[in-house]
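**Q** Quick note: the sequence shown, position 262, residue 262 per full-length UniProt numbering, numbers continuous.
Every residue, glycine too, gets a C-beta built ideally from N, C-alpha and C.
What follows is a single structure, and I will ask about it in a moment.
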Amino acid sequence: MVLEENECDSIVEPQITEEHIETYYGNVHCIMTGTPRANLPAILTFHDVGLNHKSCFETMFKHEDMREIVRHLPVCHVEAPGQHEGAKTLHSVYTYPTMDQLSESLPVVLKHFGLRRVIGVGVGAGAYILAKFALNHPDLVDGLVLININPNSEGLIDSVASKITEWTHTLPDTILSHFFRKDEIETNHDLIATYRHYITATMDESNVSHFLRSYNSRNALEVERPIPGGNINARTLKCATLLVVGDNSPVVEAVVDCNSKLDPTKTTLLKMADCGGLPQADQPAKVIEAMKYFIQGMGYLSSASMTRLRSRTASSSSITSFDGSRSRAHTNELQHVQPNVHATEEKRGHSQSDVSMENISHRSADHIVSKSTEVAF
């Protein structure tokens, strides 16, 4: 469903609803912006550990370019139990939900707000939760934007390292090392001070510890890449998926590993150059640009309604199709190549091809490329 340009002027400023929703696994805190419509999905966000919807997403969602998206699509921010700003300390006998249980709380949220389908946007732990939700409820998810996702469980060595970190580091230091690499912590003092303030001043540390332990106890995502002529019925994400990670993130390898396990006809990997551990805060305009093309690829936003955001596109990019081993071709500006099904069929024998950022918008059910695509800004 494409939103036509003449519909844009009729859209009014969205109303905000904020409330707690009781699920089988405890209360989640939700902030709903906008009015759900039957022919459009909502954007459903879930934050990372140590953050809430404001500290995780505010930089991106309050960016002027994001207005071109949220004026058409309602947004529902979900916060895990006890993670919202001003939350009281959870009772000592409270059993914190697992990652699987948190993902199973989301259908209750959608039903509460009357949301039929969503485009999930998650970071870290939130990305994992949304991916698990999409695996178990594919009929409710049109697409996923997964930032810093780690599909793996903690191994024995990782588990021991986490325990040692808990003993030798304060909670804020532990969370910061989850977001950023050591060199970024040591050099980007303003950014680190900002997020340290978020953790210490806006979050209840006991509650954060519960959420962190739940995330560290996660199971590996049960996904496997479908192989034509082989395991075509492999369990994997059925929806279009955009994986995002900064090239200086501590989870780069994990995100690349996740990409290798997903359906290559539905998955795009966006690796952002000169970007730290939180792309949505570090380079929000570029993440929004990628989201715009991604959402257009599902047919929900017309080019006409996005002209202002399109006119602001000036970042350089390179895109390389790859399967297994990866290489990268560099360009100085966006290349405007319009791929089509027949051209794709003719070029399947090539290991590499350069396309534009707009290729993301053509990765719909009827216009897909045959290999995973890496986009590097």
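(1) Kindly indicate which three-state DSSP category D247 falls into: helix, strand or coil?
(2) Is there contact between the region 39 to 52 and the region 114 to 126, where contact requires at least three CB pairs shorter than 8 Å?
(3) With distance defined between alpha-carbon atoms, name the residue in P107, D48, V109, V118 nearest to A38.
(4) If I'm right that I21 touches V109 with Cβ under 8 Å, what's the distance once you round it to whole angstroms?
(5) Take every Cβ of the region 224 to 244, pair it with every Cβ of the region 126 to 144, and state whether three or more of those distances are shorter than 8 Å.
(6) Going by beta carbon distance, what residues of the same chain come within less than 6 Å of E85, once the five residues before and after it are set aside?
(7) Cα separation between Y215 and D139?
(8) Grab me the residues of E222's own chain with a C-beta within less than 6 Å of its C-beta, minus the 5 sequence neighbours each way, in chain order.
(9) Less than 8 Å separating the beta-carbons of P279 and M272?
(10) Which partner residues does V123 have in the DSSP bridge list?
(11) The alpha helix (DSSP H) that contains C76, what's its start and end?
(12) Relative to the C-alpha of N207, which candidate in N219, T23, E79 has its C-alpha closest?
(13) Kindly give me the distance between the Cβ atoms of P97 and L90, rounded to whole angstroms, as I take these residues to be in contact under 8 Å.
(14) Rounding to the nearest angstrom, what Cα-Cα distance links N148 and V256 in this structure?
(15) What's the gap between the Cα of F294 and the Cα of V93?
(16) Could you check where the alpha helix (DSSP H) with C258 kicks off and where it finishes?
(17) Measure the beta-carbon distance from Y25 to L102 and round it to whole angstroms, keeping in mind my assumption that it falls under 8 Å.
(18) Going along the chain, which residues of its own chain have a beta-carbon closer than 6 Å to the beta-carbon of V252, five neighbours each way excluded?
(19) Taking all protein chains shown into account, do 16 or more other C-beta atoms lie within 10 angstroms of the C-beta of P172, making it buried, or fewer, making it exposed?
(20) Within 10 angstroms of the Cβ of I175, are there 16 or more other Cβ atoms? Answer buried if so, exposed if not.
(21) Kindly indicate which residue of D190, P36, P74 has the alpha-carbon position closest to the one of D282.
(22) Whose C-beta lies closer than 7 Å to the C-beta of Y198 among residues of the same chain, with five residues either side of it excluded?
**A** So, from the data block:
(1) D247: coil per DSSP, three-state reduction.
(2) Flag = yes, the region 39 to 52 and the region 114 to 126 touch.
(3) Selected option, being the one with the closest Cα: V118.
(4) Between V109 and I21 the Cβ distance is about 6 Å, and since that is below 8 Å, they are a contact.
(5) Touching, per the Cβ criterion.
(6) These residues qualify, in order along the chain: N52, T202.
(7) Approximately 25 Å, taken between the alpha carbons.
(8) Cβ within range, chain order: R235.
(9) Judged by their CB atoms, P279 and M272 are nearer to each other than the 8 Å cut-off.
(10) Residue pairing by DSSP places V123 opposite I147 in a beta bridge.
(11) Per DSSP, C76 belongs to no alpha helix (DSSP H); it is in the beta strand (DSSP E), 75 to 79.
(12) Looking at the Cα atoms, E79 is the closest of the given residues.
(13) With 8 Å as the limit, P97 and L90 do not qualify as a contact, their Cβ atoms being about 11 Å apart.
(14) Our two residues, N148 and V256, have alpha carbons roughly 10 Å apart in a direct line.
(15) Each residue's alpha carbon lies about 43 Å from the other.
(16) Where C258 is concerned, the enclosing alpha helix (DSSP H) stretches over 252 to 261.
(17) Yes, Y25 and L102 are in contact; Cβ-Cβ is about 7 Å, under 8 Å.
(18) Residues V245 of the same chain have their beta carbon placed closer than 6 Å to that of V252, with the five preceding and five following residues left out of the count.
(19) Buried, by the Cβ-count rule.
(20) Buried: at least 16 other Cβ atoms inside 10 Å.
(21) Taking each of D190, P36, P74 in turn and checking the Cα distance to D282, the smallest one comes out for D190.
(22) Excluding sequence neighbours, Y198 sits near L51, S55.
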